[in-house]
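First the structure, in the form of C-alpha cells, and then the observations on it.
Residue numbers (full-length UniProt numbering), protein chains in the order written: chain A, 1 to 410; chain B, 1 to 410.
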C-alpha cells in the first residue's frame, strides 16, 4: 500500500505566484482591455547579452559535430566555468576556493530547495520573516516543521524583519541549527553590513549551526563597504554554504544556471558527534540525483566572464537599478514609505492607510492595472508590506509609477 | 548543532562510474600509449542532429531580443513541447494524456531520483536486481532502507533477474509499495512483453502499489509486439508513473531534457486511508524545487518532433543498434553468452571462465584496452555478468570487437 509523504499536506493553499496568476487571470477576463504592467514576480525582461548569445551559438555548433560534441559532463559542472567563477567572483574579493568547492547547477531554486536533504530531519530551522518561500516550503516537505497554524509553522524560528528593526534580524534566543539568510534580501531589498553578518557567523560558530547564504542579488550592491559574499567574514568558511545565480545578473531566469559553494571546511555532526564535511555529502547528492547543467548553457554562463560579458552585465544591473530609483523616488514623492531598492532590485513598501497586503494587491490591480506581490506571500511579518521589482522594462516602469502617482486613490 | 542526514553514510564506497574512472586513470598513468575504447558508461557519441541544431540556434536568437526573450517558464515545461510529446509519443499508440499530466525536466536521472520524495518514508521498495543504481541510492538517502550488509540493503526487495529466469522478474512474495521497473532494461538490455508487464500492473492494482516505470530506452525496441509505454497495459493509468528521456534517442546526454508522466488517476494513501493524486504532489514538488528546463533546450527537444527530427532520431537509433548487433555477434562468435542488444542498446554478457565481474573489467582493460561496466555495479545479481554499450562510434566498436576476438585470452 503506497503511502504519500504527508508533510506535503501541511503546506497551505497554492504557491504564492500561482495565487497571483489566478487573480490576474480573473481580472483580465473581466477587463480584457486593461494594459497590465507586471512589477510582481522577480523575472527579468532584458534579453541575453551579445557575449552570452555568441557563447551559446558557438556551443550549439560544437554539439553538431562528433569531434566537439559533449555527452554527459561532470555533475558538478565544467572546470572551464568553475575556474572563471572562482577567479572573478571570489579571488577578486580576496576569497580563495578550490575547484571542487563550487557546484554548478540549473538554478538557485533547485539548490536552496535541495540542500536541506543532506541534513537530518531533527534540525531546527530559522528563516527570516518575510522570506523567499522556497526555504520554508522545502523544509516543510522534508518533515522538519510542525503543522501550520495561525499563519506560521510550528517548530520553525521566524526571525522578524520589519521597519521597527530596520530589517536586521536579531539573533534567536533559542538554539537553531540551519539558518537561511538572503543577502541582499528578497523580498525586502535590504541588505546586511559586514558587522551584522559577523554576528551570524559568530553565532553559527558558537552553536555549530550552518548558514545557508543566498546571495543571488549580490551584483546589485552599490555601496562598496557592503559584503558580496559571506566568505568575506572571518570564520564563515567553517559554517556557511553560499548560493549564487546567473538569473538576475545575466538574465538567465529562463536559461537556468547557478552555482553553490560548499567549502570543505564546513562540517556538521552525526547524532553521536562524528564530524562530516558537507562538501562530500552535497557531492554525493548531486552526483546521484543530478546530471549536470547543459554544456551549451554552461558555455553561455562562461561568456559572462569575458571583458565584454562583464561590461554587459554591469550595464544590465545599471538598467534595473535605474528602474529601482524611479520606483522608489516615485513612491516617496506621494508619501509612500519604501525600503530597499538601493543595493537590491526590490522595493519593499509600507502599504498606505493601514490596508492589508492582499487588499493593496487588488487595489493596485483594479485601479492602475499594476501587478505587484503582497508582502504576506513571504511570511506573516510581510503583512502590511508590498513588493515591487525593478526588473520591468524602463518605459513600463515609468508608466507604472506615473499611474500610481496620478491615478491611485490614497 | 546541525546534524547531517545519516542515511548518506549507509551508501557504500563511491558511485559505480567514479570507481571505473579511477581504475581507468590508474591504467592510463601506467600505459599512456594505450588506445582505450570506452564501451562502459551509457553515454552517446553521435552529435545532435541538424533539426535539433537548427531549433537550438533559433531559440538562442529569440533570447537575444526583448520581444522574443523568455524569462521564467512554467516549471512543468512549455505547452509547445508537451503537446508534441502527447501527440507523437502517446496518442500514436492509442494513449490519451492531458497536458498537465506531463512534466518536462532536465533529465530522467533527476526525475527518478526525486520522485521518491512525494512518498512517505514507510514504503517498501522493490527494485530489479541488477538495476540502474539511482533508484536504490535515492531511497537509501531518504531513509527508506536499512543498513548495507552482505552486499544488499536491508528492507529492500531485490527482484532477481538472471539467465535462469530469462531476466523476467518474478512477483514478490511479500507486499511491496514502490516498484521500480526499467523497460527495456538498463543494464541487461532485455525487455518485457505486454503479458509480463500486465502481471505487474495487476499486482500493483491488487496491492495499492505504485510502479515507477523508466522507459528511457523505448525508442530502441525493434519488435512491434512489445510495449513502448506502460500505459499500453490496461489499468496502468491507475498505478504507474512513466519516465522518458531525450538523452538516448536524440543524443541529449549533455543537453539535458526528459519528461515524466503522472496521470491524475494515480492515487496513493495517507496512513489513515485518505487517497491523494500523485499528480498534485509531483506538481507541488516541481514548482517548489525546480524552475523549469531552459527554454532553448526545450526548443531543441521540440525539433525532434518535426518530420526531419523524427527521421534523424530513427537513423541514430539504427546506427547504435547496428553497433549492438556487431557486439553481440562478435561475442557470440567466440562463445561468449550474451543477452539483450536486440530491443535495447545494451549487451549483457556472461563473464566467461567463472571470473567475477571486476576481474573481467580489469582483464578487458589490461589485455585489449576496452572499458566496460562490471555487472556487480548494478547489484548483487549482476555478479558474473558484464555490460557493454552500443553507444560508441561504429569504427571504435568494430575495432573493439576485433580486439576481443583476436587478443583476449579466454
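Built from N, CA and C at the ideal position, the CB exists for glycine as well.
Where does the unbroken beta strand (DSSP E) through residue i begin, and where does it stop?
i	result
residue 214 of chain A	210 to 214
residue 240 of chain B	240 to 245
residue 156 of chain B	156 to 160
residue 11 of chain A	Taken as a continuous stretch (DSSP letters only), residue 11 of chain A belongs to no beta strand (DSSP E), as it is neither H nor E.
residue 350 of chain A	346 to 350
residue 340 of chain A	338 to 340
residue 179 of chain A	178 to 182
Using C-beta distances below 7 Å, list every residue in its chain close to residue i, excluding the 5 sequence neighbours before and after it, in chain order.
i	result
residue 401 of chain B	326, 327, 330
residue 223 of chain A	343
residue 383 of chain B	356, 357, 375, 376
residue 152 of chain A	158, 380
residue 109 of chain B	134
residue 207 of chain A	175
Got a sec, what are the start and stop residues for the alpha helix (DSSP H) residue i sits in?
i	result
residue 360 of chain B	357 to 368
residue 103 of chain B	Here residue 103 of chain B belongs to no alpha helix (DSSP H); instead the beta strand (DSSP E) covers 102 to 105.
residue 266 of chain B	Premise fails: residue 266 of chain B is in no alpha helix (DSSP H) and is neither H nor E.
residue 198 of chain A	194 to 207
residue 21 of chain B	16 to 30
residue 403 of chain B	394 to 407
residue 42 of chain B	Here residue 42 of chain B belongs to no alpha helix (DSSP H), and DSSP marks it neither H nor E.
residue 386 of chain B	That residue, residue 386 of chain B, is in no alpha helix (DSSP H); its beta strand (DSSP E) goes 385 to 389.
residue 4 of chain B	Unbroken run through residue 4 of chain B: none, as it is neither H nor E.
residue 55 of chain A	50 to 62
Compute the Euclidean distance between the alpha carbons of residue i and residue j, then round it to the nearest angstrom.
i	j	result
residue 66 of chain B	residue 348 of chain A	26 Å
residue 287 of chain B	residue 355 of chain B	49 Å
residue 164 of chain B	residue 351 of chain B	15 Å
residue 246 of chain B	residue 390 of chain B	17 Å
residue 340 of chain B	residue 138 of chain B	26 Å
residue 3 of chain B	residue 235 of chain A	19 Å
residue 10 of chain A	residue 136 of chain A	12 Å
residue 241 of chain B	residue 89 of chain B	15 Å
residue 237 of chain B	residue 160 of chain B	26 Å
residue 211 of chain A	residue 336 of chain B	56 Å
residue 173 of chain A	residue 209 of chain A	14 Å
residue 257 of chain B	residue 63 of chain A	15 Å
residue 254 of chain A	residue 299 of chain A	15 Å
residue 243 of chain A	residue 262 of chain A	9 Å
residue 57 of chain A	residue 57 of chain B	6 Å
residue 284 of chain A	residue 392 of chain B	28 Å
residue 271 of chain B	residue 102 of chain A	41 Å
residue 24 of chain B	residue 368 of chain B	13 Å
residue 162 of chain B	residue 116 of chain B	26 Å
residue 217 of chain B	residue 296 of chain B	24 Å
residue 408 of chain B	residue 182 of chain B	32 Å
residue 121 of chain A	residue 26 of chain B	40 Å
residue 42 of chain A	residue 317 of chain A	14 Å
residue 314 of chain A	residue 93 of chain B	52 Å
residue 415 of chain B	residue 53 of chain A	As displayed, chain B neither begins before 1 nor continues past 410, which places residue 415 of chain B out of reach and without an answer.
residue 125 of chain B	residue 156 of chain B	5 Å
Leaving out five residues before and five after residue i in sequence, what residues of the same chain have Cβ atoms less than 6 Å from its Cβ?
i	result
residue 397 of chain B	323, 326
residue 361 of chain B	374
residue 180 of chain B	127, 135, 212
residue 265 of chain B	237, 238
Apart from the five residues just before and just after residue i, which ones in its own chain have a Cβ nearer than 8 Å to its Cβ?
i	result
residue 194 of chain B	225, 226, 227, 232, 233
residue 105 of chain A	77, 111, 257, 258, 259, 260, 286, 290, 293
residue 310 of chain B	88, 304
residue 60 of chain B	296
Problem set entry | Interface positions of the region 176 to 196 of chain B facing chain A (Cβ-Cβ less than 7 Å), listed along the chain | Residues of the region 176 to 196 of chain B whose Cβ lies closer than 7 Å to any Cβ of chain A, in chain order: 177, 178.
Exercise. Between the region 96 to 129 of chain B and chain A, which residues of the former have a C-beta closer than 7 Å to a C-beta of the latter?
Worked result: Of all residues in the region 96 to 129 of chain B, the ones placed with a Cβ closer than 7 Å to any Cβ belonging to chain A are 106, 107, 109, 110, 113, 114, 117, 118, 119, 120, 122, 123, in chain order.
For this session: May I have a chain-ordered list of the alpha helix (DSSP H) segments no shorter than 4 residues that lie completely inside the region 250 to 313 of chain B?
Result: DSSP runs (the alpha helix (DSSP H)) wholly in the region 250 to 313 of chain B: 278 to 289, 295 to 303.
For this session: For the region 54 to 85 of chain A, enumerate the residues whose C-beta is nearer than 7 Å to any C-beta of chain B, in chain order.
Result: Residues of the region 54 to 85 of chain A with a Cβ closer than 7 Å to any Cβ of chain B, in chain order: 56, 57, 60, 63, 64, 65, 66, 69, 70, 71, 72, 73.
Exercise. Mind listing which residues of the region 263 to 294 of chain B have their C-beta closer than 8 Å to chain A's C-betas, in chain order?
Worked result: Flagged, chain order: 268, 269, 270, 271, 276, 278, 281, 284, 285, 287, 288, 289, 290, 291, 292, 293, 294.
For this session: Quick one: which unbroken beta strand (DSSP E) runs of 3-plus residues sit fully inside the region 92 to 149 of chain B? Chain order, please.
Result: As far as the region 92 to 149 of chain B is concerned, its whole beta strand (DSSP E) runs of at least 3 residues are 102 to 105, 125 to 129.
Exercise. At a Cβ cut of 8 Å, what residues of the region 1 to 15 of chain B count as close to chain A, listed as they run along the chain?
Worked result: So the list reads 1, 2, 3, 4, 5, 6, 8, 9, 11, 15, given in the order they occur along the chain.
For this session: Name, going along the chain, the residues of the region 27 to 49 of chain A whose beta-carbon falls closer than 9 Å to a beta-carbon of chain B.
Result: Flagged, chain order: 41, 42, 43, 44, 45, 46, 47, 48, 49.
Exercise. Taking a cut of 9 Å between CB atoms, which residues from the region 197 to 223 of chain B lie near chain A?
Worked result: Listed in sequence order: 204, 207, 208, 209, 210.
Problem set entry | Contact residues within the region 238 to 258 of chain B, judged by C-beta distance below 7 Å to chain A | Residues 253, 254, 255, 256.
Exercise. In chain order, what residues of the region 389 to 403 of chain B put their CB closer than 8 Å to some CB of chain A?
Worked result: Residues 393.
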